[in-house]
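Using the UniProt record's numbering, the letters of the sequence shown map in sequence onto residues 1 to 294. For glycine and all other residues, C-beta sits at the position ideal for the given N, C-alpha and C. Below is one structure, written out as structure tokens; the observations come after it.
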Amino acid sequence: MRKRKAYESNDLSALVVEGGAMRGIFAAGVLDTFISQGFNPFSLCIGVSAGATNLSGYLAHMKGRNMTVITKYSTKPEFINLTRFLQGGDLLDLDWLWDISLKELDINIDKIMEFQGKYLIGVTNIETGKAEYIEPRKDNINDVLKASSALPLVYRKYIKIDNKKYADGGIADPIPVIEAYNRGAKNIMVIRSRPVDYSMAISKSYPLCKLLLRNYPELVRSIKVRANVYQKSLDFMRNPPKEVNVLEINPPNDFETTRLTTDSKTLIKDYEKGVKYGKEAIEKWHKLYSHISI
Numbered sequence: 001m002r003k004r005k006a007y008e009s010n011d012l013s014a015l016v017v018e019g020g021a022m023r024g025i026f027a028a029g030v031l032d033t034f035i036s037q038g039f040n041p042f043s044l045c046i047g048v049s050a051g052a053t054n055l056s057g058y059l060a061h062m063k064g065r066n067m068t069v070i071t072k073y074s075t076k077p078e079f080i081n082l083t084r085f086l087q088g089g090d091l092l093d094l095d096w097l098w099d100i101s102l103k104e105l106d107i108n109i110d111k112i113m114e115f116q117g118k119y120l121i122g123v124t125n126i127e128t129g130k131a132e133y134i135e136p137r138k139d140n141i142n143d144v145l146k147a148s149s150a151l152p153l154v155y156r157k158y159i160k161i162d163n164k165k166y167a168d169g170g171i172a173d174p175i176p177v178i179e180a181y182n183r184g185a186k187n188i189m190v191i192r193s194r195p196v197d198y199s200m201a202i203s204k205s206y207p208l209c210k211l212l213l214r215n216y217p218e219l220v221r222s223i224k225v226r227a228n229v230y231q232k233s234l235d236f237m238r239n240p241p242k243e244v245n246v247l248e249i250n251p252p253n254d255f256e257t258t259r260l261t262t263d264s265k266t267l268i269k270d271y272e273k274g275v276k277y278g279k280e281a282i283e284k285w286h287k288l289y290s291h292i293s294i
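Put into structure tokens, the structure is as follows:
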């Protein structure tokens, strides 16, 4: 990827990447295509949950890392284990996943720190229930990424950063496109993990969340209104302000991966769809935003 000029809030193109656990395999394919073609016209990158992790691999120029983490490590019973969950443990063991992936496929943090724009990781403050967007440092990036994926109930701990406890960033702001706009972005690409016609309903697990997370009422409130926040983001993308352009990249309707898919063949097939759509995304960006000076 070529170097770009330093971040300027009045000349801002943004990349926003949605989370979605294993559905992040689509964004992994899209972003690997971006790496292959040296495509990075963005001054601002914001991701939540799996989207933040995908962005880290993209900014580290580590083609294939996210695909490998998802297909090699995330499919193992050491990570996803229903029996362990029913016995009081974690359904998703983030501690194991982070340890093994960093040990065997460490992220190139130095390369991420060279990015001359802003890289923000969305997290949810469990005390306030509100989204926060952390620009990671070299000494805390792994903890911030882990916090952004720490989904309550399926992972029973919270991640502490600078004396605050955080959970999955996709709770308070599942698609942080409005945050990108509020930070000055006028040309925004959003890589989704759901087909274009998907709409979110209130979580079926909400009653359980209300019970088990009762010590964090603001977090529970954010879980309750998450579908409304999600719809607000969709409405913004489809009807942005006059001066704003939004390019939405969705997986196709035959995308098969779910939040907890562990079948490698399905994951690889959907990764290849991401690779294909990544090529199309670059072409669309150049066509729509050819006037942008980078």
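- For L260, which of helix, strand or coil comes out of DSSP? Here residue 260 refers to the residue found at position 260 of the sequence shown. L260 falls in the coil class under three-state DSSP.
- Query: In chain order, what residues of the same chain lie with their CB nearer than 6 Å to the CB of Y155, ignoring the 5 residues before and after it?
  - Reply: Within the sequence shown, numbered from 1, the residue matching residue 155 stands at position 155. Answer for Y155: D90, L92, L94, listed in chain order.
- Return the chain-ordered ranges of every alpha helix (DSSP H) run that is complete within the stretch 54-129 and spans a minimum of 4 residues. 65-68, 82-86, 94-104, 109-113
- Message: Let me check understanding here. Comparing Cα to Cα, which of Y289, H286, D270, L288 lies closest to V30?
- Response: Your numbering for residue 30 matches position 30 in the sequence shown. Closest by alpha carbon: D270.
- According to DSSP, is G170 helix, strand or coil? Residue mapping note: residue 170 aligns to position 170 of the sequence shown, counting from 1. DSSP places G170 in helix when its eight states are reduced to three.
- Say whether the stretch 50-57 touches the stretch 217-226, bearing in mind that this needs 3 or more beta-carbon pairs closer than 8 Å, one atom from each stretch. no
- Considering only residues of the same chain and omitting the five flanking positions on each side of T73, which have a CB-CB separation below 7 Å? Here residue 73 is taken as the residue at index 73 of the sequence shown, counted from 1. Checking the sequence shown, residue 73 turns out to be Tyr, not Thr. Within the same chain, Y73 has close Cβ partners F79, L97, I100, S101.
- Item | Exposure label - E243; buried when at least 16 CB within 10 Å | As a working mapping, residue 243 is identified with position 243 in the sequence shown. Counting Cβ neighbours within 10 Å, E243 comes out exposed, since fewer than 16 surround it.
- Item | Whole-angstrom C-beta distance between S205 and P251, which should lie under 8 Å | Translated into positions along the sequence shown, residue 251 becomes position 251. Translated into positions along the sequence shown, residue 205 becomes position 205. That belief does not hold up - the Cβ atoms of P251 and S205 are roughly 23 Å apart, past 8 Å.
- Neighbourhood of D32 by C-beta, 6 Å cutoff - its chain only, sequence neighbours within 5 removed: Here the question's residue 32 lines up with position 32 in the sequence shown. Excluding sequence neighbours, D32 sits near K63.
- Query: Among all the DSSP beta bridges, which residues are the ones paired with S13?
  - Reply: Counted from its first residue, the sequence shown places residue 13 at position 13. According to DSSP, S13 bridges with N187.
- Message: Could you check whether A52 and I121 sit closer than 9 Å to each other, using their CB atoms as the reference points?
- Response: If you number the sequence shown from 1, residue 121 lands on position 121. If you number the sequence shown from 1, residue 52 lands on position 52. Contact flag set, yes.
- Item | Opening and closing residue of the alpha helix (DSSP H) in which A201 lies | For this step, residue 201 is matched to residue 201 along the sequence shown. A201 -> no alpha helix (DSSP H), and no H or E assigned at all.
- Helix, strand or coil for E18 per DSSP? Position 18 of the sequence shown, counting from 1, holds the residue named residue 18. Coil.
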